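Below is one structure, written out as structure tokens; the observations come after it.
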Amino acid sequence: MAEWRALLASSPAEEAVQKWLEFHPSFIPGGSGDVGPGGHHGSEMGAVVREAPLHGLGKQRRPDFMWVTRSSGLITPILIEIEKPDRRWFKRSGRPTKEFSEALDQLADWKVWFSQPENQSGFRETYLGTDKFRDRPLAPQYVLIYGRQSEFERVTSPHKDPARLRQKRDFMRRAAENFRTFDSLRPDPKLRDSITVSQTSDGPTLWALAPTFESGPLLMETAERLLDFESGIVRSKFIAPDRSAYLATRWQHWRNAAAGDRAAQAMSLQSMDRE
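Each position in the sequence shown, counted from 1, maps to that position plus 181 in the numbering used here.
Printed below as a string of structure tokens:
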């Protein structure tokens, strides 16, 4: 937390915040069912997608981050927009700033994208596989991480009535939207083993591991699905080199275990066919 607070205090550019969060995915809201309906079964591969491409009709969209969470009845994509932390929500006049209005427009664009059935089909193929969870409807949620809490605290606010503006901000939030300040972000213990991935035309690749990441049997499916993991482990600069080397061996172990399971299942099916 101290490092996060120091970063915010330095008036960082949006790119610096994006990079820091990519290496600390447990700080990113939405991955554990804490945003919107459903999601309590966790996210696909325990992963947040950085700069997630949304291919389909119209202009390509690319949220800063995206979780794809699920429950027994829903698939809940969590699309996240971040802005430069020192941007204000409101002008001194009490009107929303240009930057805040533009951020709201970005969320609206994502809603329009998901309203198209063709785009929903493309999303499933890209992020879920064509047959996986086909019967579960999509219920996207849209998160804006913006500004500082100090704008709404009487001692530090530049506004005459910050409490009223906080209320106004809350009334500006539309259906399926969630607003957060950067000060509200905390590491979620449920996401201690989360990872950050990049989605390429060939599939997902590992970008970085959370500093608290631990290996275990739940890694088997993820290790099998990711196209490349070595570069992501090396890139995870908040993990010590010896720890990185150990995780690389465990990652390969679980990938081999997944391949062995696949081979055993294939042999079992062949045996049943002969019978």
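We treat Cβ as the ideally placed atom computed from N, Cα and C, and that holds for glycine. None of the values given here were measured: they were computed from a predicted structure.
Check your understanding: How should Pro500 be labelled, buried or exposed, when 16 other C-beta atoms within 10 angstroms of its C-beta is the threshold for buried?
Key -> Absent from the structure is residue 500, since the part of the chain shown begins at 182 and ends at 456.
Review point. Do Ser412 and Leu390 have their C-beta atoms closer together than 7 Å?
Key: In this structure, Leu390 does not lie closer than 7 Å to Ser412 by Cβ.
Check your understanding: Can you tell which of Gly303, Leu408, Ala404 and Thr393 has the C-alpha that lies nearest to the C-alpha of Asp383?
Key -> Leu408
Practice item. Following the continuous alpha helix (DSSP H) through Leu390, name the residue where it begins and the one where it ends. Key: From DSSP, Leu390 is part of no alpha helix (DSSP H) but of the beta strand (DSSP E) over Gly384 to Leu390.
Check your understanding: Leaving out the 5 sequence neighbours to the left and right, which residues in its chain are closer than 6 Å to Phe360 when beta-carbon positions are compared?
Key -> The beta carbon of Phe360 is closer than 6 Å to those of Leu325 and Arg354 in its chain, skipping five residues each way along the sequence.
**Study point:** Unbroken stretches of the beta strand (DSSP E), 3 residues or longer, contained in the stretch 341 to 365
**Key:** List check, beta strand (DSSP E) in window: 358 to 361.
Practice item. Please go through the same chain and pick out, in chain order, the residues whose beta-carbon is closer than 6 Å to the beta-carbon of Pro368, but skip the five residues on each side of it. Key: Ser207 and Phe208
Check your understanding: Below 8 Å, can you find three or more Cβ-Cβ pairs linking the stretch 278 to 295 to the stretch 260 to 270?
Key -> yes
Check your understanding: Would you say Ala228 and Val378 are within 7 Å of each other, going by their C-beta atoms?
Key -> yes
Practice item. Quick one: residues in its chain with C-beta nearer than 6 Å to the C-beta of Glu530, no 5 flanking neighbours on either side, listed in chain order? Key: Beyond the ends of the chain as shown, which are 182 and 456, falls residue 530; an answer cannot be given.
Exercise for review: Could you please give me the residues that DSSP links to Ile256 through a beta bridge?
Suggested key: Under the DSSP definition of a beta bridge, Ile256 partners with Arg251 and Leu319.
Practice item. Closer than 6 Å by C-beta to Phe204: which residues in its own chain qualify, once you throw out the five before and the five after it? Chain order, please. Key: Ala389 and Phe419
Practice item. For my contact list, Ala320 and Gly217 are in at a C-beta cut-off of 8 Å; report their separation, rounded to the angstrom. Key: 7 Å
Point to revise | Environment of Thr257 [buried if 16+ CB atoms lie within 10 Å] | key: buried
**Study point:** Unbroken beta strand (DSSP E) run spanning Met182, endpoints
**Key:** That residue, Met182, is in no beta strand (DSSP E); it is neither H nor E in DSSP.
Exercise for review: Would you mind stating whether Asp351 and Arg329 have Cβ atoms separated by less than 7 Å?
Suggested key: At a Cβ-Cβ threshold of 7 Å, Asp351 and Arg329 do not count as neighbours.
Practice item. Could you say which of Phe314, Ala439, Ser338 and Leu260 lies nearest to Arg406 if we only look at CA atoms? Key: Ala439
Check your understanding: Helix, strand or coil: which one does DSSP assign to Glu232?
Key -> coil
Check your understanding: Going by alpha carbons, who is nearest to Glu358 out of Glu184, Thr430 and Leu285?
Key -> Leu285
Check your understanding: Who are the Cβ neighbours of His222 in its own chain at under 6 Å, not counting the five residues just before and after it?
Key -> Arg251 and Ser252
Point to revise | For Val216, three-class secondary structure by DSSP | key: coil
Practice item. For Arg273, count neighbouring C-beta atoms within 10 Å of its own C-beta (all shown protein chains included) and say buried if the count is 16 or more, exposed if not. Key: Arg273 is exposed by the Cβ-count criterion.
Exercise for review: Ignore the nearest five residues each way along the sequence and tell me which others in Met182's own chain have a CB closer than 6 Å to its CB.
Suggested key: none
Exercise for review: Could you check how far apart the C-beta atoms of Thr403 and Met226 are, in whole angstroms? I think they sit under 8 Å.
Suggested key: 4 Å
Check your understanding: To which residues of the same chain is Leu346 closer than 6 Å at the C-beta, ignoring the five residues directly before and after it?
Key -> Phe271 and His340
Check your understanding: Per DSSP, what kind of secondary structure is Val336 in: helix, strand or coil?
Key -> If DSSP states are grouped into helix, strand and coil, Val336 belongs with coil.
Check your understanding: For Leu213, which option in Asp374, Ala429, Asn437 and Gln241 has the closest C-alpha, if you only look at C-alpha atoms?
Key -> As written in the sequence, residue 213 is Ser, which differs from the Leu given in the question. Among Asp374, Ala429, Asn437 and Gln241, the Cα nearest to that of Ser213 is on Asp374.
Exercise for review: Indicate the three-state DSSP secondary structure (helix, strand or coil) for Ala447 in the structure shown.
Suggested key: Because the pLDDT of Ala447 is 49, which lies under 50, any placement of that residue in the model is unreliable, and the number read from its coordinates should be weighed accordingly. Correct three-state label for Ala447: helix.
Practice item. Could you check what DSSP says for Pro266 in three-state terms: helix, strand or coil? Key: coil
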